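Colleague:
There are 2 protein chains.
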Amino acid sequence: MSLPHAILTALLERPSSGLELTRRFDRSIGYFWSATHQQIYRELGKLEAEGYIRTLPAEQPARGQKKSYEVLPAGRAELARWTAAAQDPRPQRDVLLLRLRAAAVVGTDGLEADLHRHLELHRRQLAEYQEIQRRDFPPGKDAPEDRLRHLVLRAGIDLETFWTQWLTHALDELGELPGPR
Amino acid sequence: MSLPHAILTALLERPSSGLELTRRFDRSIGYFWSATHQQIYRELGKLEAEGYIRTLPAEQPARGQKKSYEVLPAGRAELARWTAAAQDPRPQRDVLLLRLRAAAVVGTDGLEADLHRHLELHRRQLAEYQEIQRRDFPPGKDAPEDRLRHLVLRAGIDLETFWTQWLTHALDELGELPGPR
DNA sequence: GGTAGCATGTAACGCGTTACATGATTCG
DNA sequence: CGAATCATGTAACGCGTTACATGCTACC
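Here is the structure:
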C-alpha cells in the first residue's frame, strides 16, 4: 500500500503527468520505490477516483494528450496520516543471500562471475549517490528542510557501501574455497 | 521466481513437510526470504507436478495427514542452474525511506514514535543474529562448508547494524528539527 | 504522407497476502 | 465426546510485471 503515497509525495514536490512521474521514478524516488508506467497510470486513475488528486485545468482528456495532476487537500491529509501511522518493517527479501545459501548445498560453480557483476553495479550506484551528495548537499549549507532528504540519501550511500564491502569479502571467501574453478 | 528455489534449498538441507517448512521459513531461511504456509503449499504442489520433488514413500495422501517431501535429481539440477545464472538485483523497496521523504513535504508529526519502535525491532534482530553467530560459528572453528553460511549471517548482522545506526542518527536529526513536537 | 518518438492506456499472468475451510490427533 | 492443536488445503484480491494497443506530434 505504498505506491499511492509515493505518487502523492512526488506530485506534492511538483505536479506532473504520468510519463513525467515515470521518469522521476526512474531517478530520485525510484531509488527506494520503483514503479513502471503501467503501475503509475493505474494508480493515478484510482487516486483521482478517490478524490486525492485532480487533473490540472489545462487538460485535454484525449488519449495521446498530456495530462498533468495535482494533489488535493484530501490527498495531502491522507499522506500525512500514512506518514505518521505505525508500520511494521516488511520482511527481508534478498535473492543474492538466498543464492549463497543454495550454493552452500549445490556448489559455487558459476557464482563468482555474477558476484563480480553485482559488485560493479553497486559501485556504480554508490558513485551516483555520492555525486548527488556533492551536488545537492555541499558541506556547511544544511537548510532544515533539506535535512530529511539528506538523511535518505545517506541511507542509500551507506547501504551501497555495505554491499560493495560485503561482496568484496564474499569474493575473497569464494577464492579460498576448494572445488572446481 | 525465487520461492521455489528457496524451498528446494530448504528441502535439500532436510526433507520436510509443508508445516515444517513453514516453521523453518519463520527462522533461518525466512530471515532473507519469507513465505506463508499458503505460498509454500501452493509451491510444493507445483514443484511436485514439475518433477522436482516427490513425497516420501511413507505418505498418506489424506487431508489432515503429514506429507514429507524430498528433492529429486531434476530439482537439484534446477537449483544449481538457478544459482549460477546471472540475475539483476531487484529494485530497492523501502517504506521507511519513502516515509521520510514524504515527511519532508507534509511534516514529521507522529513519525518519531515509530522510528523508536523500528530501532528497537532492529536491535532485537541484531541481537538474535549475534546469538546465532556465537552458537554456530565460534571463532577458530571455520569448516569450509560453513564459510558460505557464515557469510550470509554476517550480511544480516551488518545490515541490522546499519539500520540501528541510521535510525539513531535519524532520531537525532528529528530532535533538532523545528516544528510541533 | 510516412516514420519515429512521445504519451496514455489495456490485458493477462504470477506472486504475496488475508481470510476461511477441512480433516486428523491428543487430551481432559 | 468436546475442545484445542496440528496439518493441509481453497478462495479472493491486490500489487508488480510483461506484452501489446492506440492516439498524438514533429520532422523529413
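Protein chains in written order, with the UniProt record's numbering: chain F, 1 to 181; chain H, 1 to 181.
Quick reminder that beta carbons are idealized off the backbone N, C-alpha and C, glycines included.
No experiment lies behind these values; they were computed from the predicted model shown.
1. Could you check if residue 75 of chain F is buried or exposed, using at least 16 other CB atoms within 10 Å of its CB as the buried criterion?
2. For the beta strand (DSSP E) containing residue 90 of chain H, list its first residue and its last residue.
3. Give the interface partners of residue 147 of chain F over in chain H, defined as CB-CB distance under 7 Å, in chain order.
4. Counting contacts by CB-CB distance shorter than 8 Å, is residue 29 of chain H in contact with chain F?
5. Just to confirm before moving on: does the CB-CB distance between residue 32 of chain F and residue 98 of chain H stay below 8 Å?
6. Residue 106 of chain F to residue 149 of chain F, Cα distance in whole Å?
7. Under three-state DSSP, which class holds residue 134 of chain H?
8. Could you give the distance in angstroms between the alpha-carbon of residue 36 of chain H and the alpha-carbon of residue 171 of chain H?
9. Smallest Cα separation from residue 70 of chain F: which of F:12, F:168, F:135 and F:159?
10. Under three-state DSSP, which class holds residue 185 of chain H?
11. What is the C-beta distance between residue 17 of chain F and residue 25 of chain F, in whole angstroms, given that I count them as a contact (C-beta under 8 Å)?
12. Please report whether the beta-carbon of residue 133 of chain H lies at a distance below 8 Å from any beta-carbon of chain F.
13. Using the Cα positions of residue 143 of chain F and residue 137 of chain F, report the straight-line distance between them to the nearest angstrom.
14. Check whether chain H comes within 8 Å of residue 162 of chain F, counting only Cβ atoms and requiring the distance to be less than that.
15. Whose Cβ in chain F lies nearer than 7 Å to the Cβ of residue 21 of chain H?
16. Per the contact definition of three or more C-beta pairs closer than 8 Å, is the segment 88-103 of chain H in contact with the segment 4-11 of chain F?
17. For chain H, is any of its Cβ atoms less than 8 Å away from the one on residue 13 of chain F?
18. Return the chain-ordered list of same chain residues with a C-beta closer than 6 Å to the C-beta of residue 82 of chain H, the five sequence neighbours on each side being excluded.
19. Name the chain H residues whose beta carbon is nearer than 9 Å to that of residue 39 of chain F?
20. With a threshold of 8 Å between beta-carbons, can residue 32 of chain H be considered close to chain F, or not?
21. Could you give the DSSP three-state label for residue 181 of chain F: helix, strand or coil?
22. Using a Cβ-Cβ cutoff of 7 Å, what residues of the segment 66-87 of chain F are near chain H? List them in chain order.
23. Just to make sure I have the definition right: I need the residues of chain H whose C-beta is within less than 7 Å of the C-beta of residue 2 of chain F. Which are they?
24. By the 9 Å beta-carbon criterion, what residues does the segment 107-124 of chain F contribute toward chain H?
25. Smallest Cα separation from residue 112 of chain H: which of H:21, H:176 and H:22?
26. Does the beta carbon of residue 130 of chain F come closer than 8 Å to any beta carbon on chain H?
27. Check whether the Cβ of residue 127 of chain F lies closer than 8 Å to any Cβ atom in chain H.
28. How long is the line joining the alpha carbons of residue 160 of chain F and residue 43 of chain F, rounded to whole angstroms?
29. So which residues on chain H does residue 103 of chain F lean against when the C-beta distance must stay under 7 Å?
30. Note down the Cα distance separating residue 134 of chain F from residue 27 of chain F, rounded to an integer number of angstroms.
31. Kindly give me the distance between the Cβ atoms of residue 164 of chain H and residue 115 of chain H, rounded to whole angstroms, as I take these residues to be in contact under 8 Å.
32. Are any of the Cβ atoms in chain H nearer than 8 Å to that of residue 55 of chain F?
33. Rounded to whole angstroms, what's the CA-CA distance from residue 80 of chain H to residue 84 of chain F? Just pull it up for me.
34. Please name the residue, chosen from F:158, F:168, F:166 and F:167, that lies closest to residue 166 of chain H on a Cα-to-Cα basis.
35. At a Cβ threshold of 8 Å, is residue 26 of chain F touching chain H?
Modeller: Let me spell this out:
1. buried
2. That residue, residue 90 of chain H, is in no beta strand (DSSP E); it is neither H nor E in DSSP.
3. 173 and 177
4. yes
5. yes
6. 43 Å
7. helix
8. 33 Å
9. F:12
10. For chain H, the structure presents residues 1 to 181; residue 185 of chain H sits outside this window and is missing.
11. No, residue 17 of chain F and residue 25 of chain F are not in contact; Cβ-Cβ is about 13 Å, not under 8 Å.
12. no
13. 9 Å
14. yes
15. Within 7 Å Cβ-Cβ: nothing; residue 21 of chain H doesn't reach chain F, min ~14 Å.
16. yes
17. yes
18. 5
19. Here the premise fails: no neighbours, minimum Cβ distance about 12 Å.
20. yes
21. For residue 181 of chain F, the pLDDT reaches just 45, beneath the cut-off of 50, and the residue's location in the model is therefore unreliable, although a value from the coordinates is still provided. In this structure, residue 181 of chain F counts as coil in the three-state DSSP scheme.
22. 76, 79, 80, 83, 84, 86 and 87
23. 95 and 98
24. 107, 108, 109, 110, 111, 113, 114, 117, 118, 121 and 122
25. H:176
26. no
27. no
28. 30 Å
29. 83 and 148
30. 17 Å
31. Residue 164 of chain H to residue 115 of chain H, Cβ: 11 Å. No contact.
32. no
33. 45 Å
34. F:158
35. no
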